[in-house]
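Novice:
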Amino acid sequence: MTSTIPMPSRSGADNNNNLVEMAWDPITRIVGSLGIYTKIDFANNQVVECKSTSSIFRGYSIFMKGKDPRDAHFITSRICGICGDNHATCSCYAQNMAYGVKPPNLGEWIVNLGEAAEYMFDHNIFQENLVGVDYCEKMVSETNPGVLAKAENTRAPHEGEHGYRTIADIMRSLNPFTGEFYREALQVSRATREMFCLMEGRHVHPSTLYPGGVGTVATIQLMTDYITRLMRYVEFMKKVVPMHDDLFDFFYEALPGYEQVGLRRTLLGCWGSLQDPDYCNFEYKDMTEWGRKMFVTPGVVVDGNLVTTDLVRINLGIRIMLGSSYYEDWEDQEMFVTHDPLGNPVDRRHPWNQHTNPRPQKRDLAEKYSWVMSPRWFDGQNNLALDTGGGPLARLWATALAGLVDIGYIKSTGTSVQINLPKTALKGPVSFEWNIPQWSNTLERNRARTYFQAYAAAAALHFAEKALEEIRAGHTKTWETFEVPDEAISCGFTEAVRGVLSHHMVIRDGKIANYHPYPPTPWNASPTDSAGVAGPYEDAVQGQPIFEENDREHFKGIDIMRTVRSFDPCLPCGVHMYLGNGQTLETMHSPTQTLTGE
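Under the working numbering, the first residue of the sequence shown carries the number 79, and numbering increases by one thereafter.
(1) Given a cut-off of 8 Å, decide if Pro284 and Ser169 are closer than it, judged by their beta-carbon atoms.
(2) Are the CB atoms of Leu579 and Pro598 nearer to each other than 8 Å?
(3) Note down, in chain order, each residue of its chain lying with its Cβ closer than 8 Å to the Cβ of Leu384, except the 5 sequence neighbours on either side.
(4) Check this for me: beta carbons of Pro605 and Ala463, under 8 Å apart or not?
(5) What does the Cβ neighbour count give for Ser568, buried or exposed, with the cut at 16 atoms within 10 Å?
(6) What does the alpha-carbon distance come out to for the pair Val584 and Arg250?
(7) With three or more beta-carbon pairs closer than 8 Å as the criterion, would you say the region 529-536 touches the region 492-505?
(8) For Gln661, I'd like the list of residues in its chain whose CB is within less than 8 Å of its CB, leaving aside the five on either flank, ordered along the chain.
(9) Would you kindly report the start and end of the unbroken alpha helix (DSSP H) that includes Val218?
(10) Which value, in whole angstroms, describes the spacing of the CA atoms of Leu252 and Leu208?
(11) Check for me: the alpha helix (DSSP H) holding Asp163 runs from which residue to which?
(12) List the residues that DSSP assigns as beta-bridge partners of Thr493.
(13) Residues in the same chain with beta-carbon distance under 6 Å from Ala612, minus the five sequence neighbours each way, listed in chain order, please.
(14) Leaving out the 5 sequence neighbours to the left and right, which residues in its chain are closer than 7 Å to Trp408 when beta-carbon positions are compared?
(15) If you check the beta carbons only, do Trp449 and Phe135 fall under 8 Å apart?
(16) Arg343 to Asp465, Cα distance in whole Å?
(17) The beta strand (DSSP E) spanning Arg527 covers which residue range?
(18) With a Cβ-Cβ cutoff of 8 Å, do Glu315 and Gln531 count as a contact?
(19) Mind checking which residues open and close the beta strand (DSSP E) that includes Ser267?
(20) Measuring CB atoms only, is the region 402-419 touching the region 438-448, in the sense that at least three cross pairs come out at less than 8 Å?
(21) In chain order, what are the residue ranges of uninterrupted alpha helix (DSSP H) at least 4 long that sit wholly in the region 345-405?
(22) Would you kindly work out how many angstroms separate the C-alpha atoms of Asp381 and Ser518, rounded to a whole number?
(23) Would you mind sorting Lys143 into buried or exposed? The rule is 16 or more other CB atoms within 10 Å of its CB.
(24) Give me the DSSP bridge partner(s) of Thr124.
(25) Among the residues of its own chain, which have a CB less than 7 Å from the CB of His322, if the five just before and after it don't count?
(26) Which residue's Cα is closest to the Cα of Pro453: Glu313, Ala176, Arg397 and Gly293?
(27) His594 to Gly506, Cα distance in whole Å?
(28) Using a Cβ-Cβ cutoff of less than 7 Å, which residues in the same chain neighbour Glu626 once the five nearest sequence positions on both sides are dropped?
(29) Specify the secondary structure class of Tyr197 as computed by DSSP and reduced to three states.
(30) According to the Cβ coordinates, are Arg348 and Ala194 closer than 8 Å?
(31) Hey, quick one: how far does the alpha helix (DSSP H) through Trp601 stretch, first residue to last?
(32) Helix, strand or coil, according to DSSP, for Asn207 in the structure here?
(33) Thinking C-beta only, is Ala269 closer than 8 Å to Ile188?
(34) Report the three-state DSSP secondary structure of Met655 (helix, strand or coil).
(35) By a C-beta neighbour count over all protein chains shown, 10 Å radius and 16 as the cutoff for buried, is Tyr357 buried or exposed?
(36) What do you get for Leu420, buried or exposed, if any count of 16 or more other CB atoms within 10 angstroms of its CB means buried?
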């Protein structure tokens, strides 16, 4: 594990504006090679400028060409070692559309159970064992000792639900390796991975997930094994949600103005997830209808308003911009798709028509500085830099506004999402309600992640019940045959853990002619585009105030790190930059400390 933060560069200070250049590269406690480069005005405690960089080229869109499309989900799951199953699932959705195959209902319920387990696993381990460290006693004592002192004397409003008397007790429980809750969350993550493996064979690269369904043998015993683990997770959530509410509410109280940290205009995208097999046939012509039947509703939210829930419109609005990326444009190259299956025109900058032309070069923060492209969504007038709110914020916001989900365990009301958890071994029934917040900011991204863990658990209860109904009725088929066409265009939409995920495929002569996966982090980590629009990380960080109590010489950048991590960054695979001549950078901050917390 590497944690490298250069000392403040006096040579980097802007003589006119008294700005200090500071960089964090690589960012730790995330997945992959993300660097954040800033200019900070310490006199006014504000981040003035931010650039988000990624230093590795992957190239999946290049080597997918010419492959047998039936291999697409096995290959693309290797894009990521964290959410590979999300890629496999999205690829299977795209293949189902291309092949014209509808999986049996039981097969789709099993996929939903696997994806719900992935949400529970990944959100838990990131929230409690990676993000949680930013709010633990050790970290707060080093960055805001005044806040810790206040926390010691602040009773936790929901002490009876989670068992921690003060906010400082919650912070202590989050200390890495030594904190009680930190260790408990690690054990919970193990059980959720077991749940996933029961449904899809292997985590995170599924071995029983295919286009047309799954190879999982569905039995009552299989579902019982899953449900016993699920109910333990449900009981865990009855403690987690009120605990995090207490922690995040405290930061607003202890640091007036903290809502400005990570705040950006509300521009949220959600592509929907967890199909309803009673409605979903994976045909493009019906995508608007079956998209709205998803158990997480697709939607684009602009300034708090739900612009659309139409997956066809969402699809046609995607634009891939360059600007600050290390690529040549494709303006003069082939258009693979001019019109979608409904006859709608398709833009040259749409993923169906994208060409990947890498051009490696020296990083120049004034020109080209990242391997990440700049996905945008065209609303008819502007190319919007949507973010995912780390995944859960956009999912809950779109689902709440749409008011389309009502399965007993979950109900979207138009202004909120109600989550109803049943009686468990040690706790009675509990209901939570996530209300649309005032802000799209750091704390609300983190809060939404906790609520979506409960949402995923509640949804899994519904899926398990539906799967058991199929098994008991003797409908045990989980896979449907198909044939690969000579020509096809298709798309798959779902939500990876961190947010929007799409796979676009063009088949010619029975082989892949073009294939472009777009996971959430290219949206969130995108650099400034050709129109001068900053990406979400950059936009959320620049302009935010600094509340850290350390002076410039001992600055850790905790408010900046909290903002970046609130998006749940994932830029696989990570690399370390060689500086030459064995140069050693001074380590100022270790993100998880040692086993003893020192």
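Think of the CB as a built atom: it goes at the ideal place given N, C-alpha and C, for glycine as much as any other residue.
For clarity, every value in this text was computed on a predicted model and none was experimentally measured.
Specialist: This is what the structure gives:
(1) no
(2) Result yes, Cβ atoms of Leu579 and Pro598 sit closer than 8 Å.
(3) Gly377, Val378, Ala476, Leu479 and Ala480
(4) With a cutoff of 8 Å on beta-carbon distance, Pro605 and Ala463 are scored as not near each other.
(5) buried
(6) Distance between the alpha carbons of Val584 and Arg250: 52 Å.
(7) yes
(8) Residue confidence for Gln661 is low, a pLDDT of 44 falling below 50, so the modelled location carries little weight; the figure read from the coordinates is stated next. Excluding positions up to five away in sequence, the list is empty.
(9) Counting along the chain, the alpha helix (DSSP H) containing Val218 begins and ends at Glu215 to Thr221.
(10) 10 Å
(11) That run of the alpha helix (DSSP H) goes Gly162 to Tyr177.
(12) The partner list for Thr493 (beta bridge, DSSP) is empty, contrary to what the question assumes.
(13) Thr606
(14) Gln432, His433 and Asn435
(15) yes
(16) 10 Å
(17) Arg527 -> not in any beta strand (DSSP E); alpha helix (DSSP H) instead, spanning Thr520 to Arg550.
(18) Before going further, note that residue 315 is Met rather than Glu in the sequence given. Result yes, Cβ atoms of Met315 and Gln531 sit closer than 8 Å.
(19) Ser267 -> not in any beta strand (DSSP E); alpha helix (DSSP H) instead, spanning Glu258 to Glu278.
(20) At 8 Å Cβ cutoff, the stretches touch.
(21) 365-369 and 389-394
(22) About 10 Å.
(23) exposed
(24) Per the sequence shown, residue 124 should be read as Gln rather than Thr. Asp119 and Pro623.
(25) Arg525 and Thr528
(26) Arg397
(27) 46 Å
(28) Thr221, Asn222, Phe633, Lys634, Ile636 and Asp637
(29) helix
(30) Looking at the sequence provided, one finds Cys at residue 348 rather than Arg. No, these two residues do not count as a Cβ contact at 8 Å.
(31) Counting along the chain, the unbroken alpha helix (DSSP H) around Trp601 starts and ends at Pro598 to Asn602.
(32) helix
(33) Not in contact: Ile188 and Ala269 (Cβ atoms no closer than 8 Å).
(34) The predicted model places Met655 with a pLDDT of 28, which falls under 50 and marks its position as unreliable, so this point remains unresolved.
(35) exposed
(36) exposed
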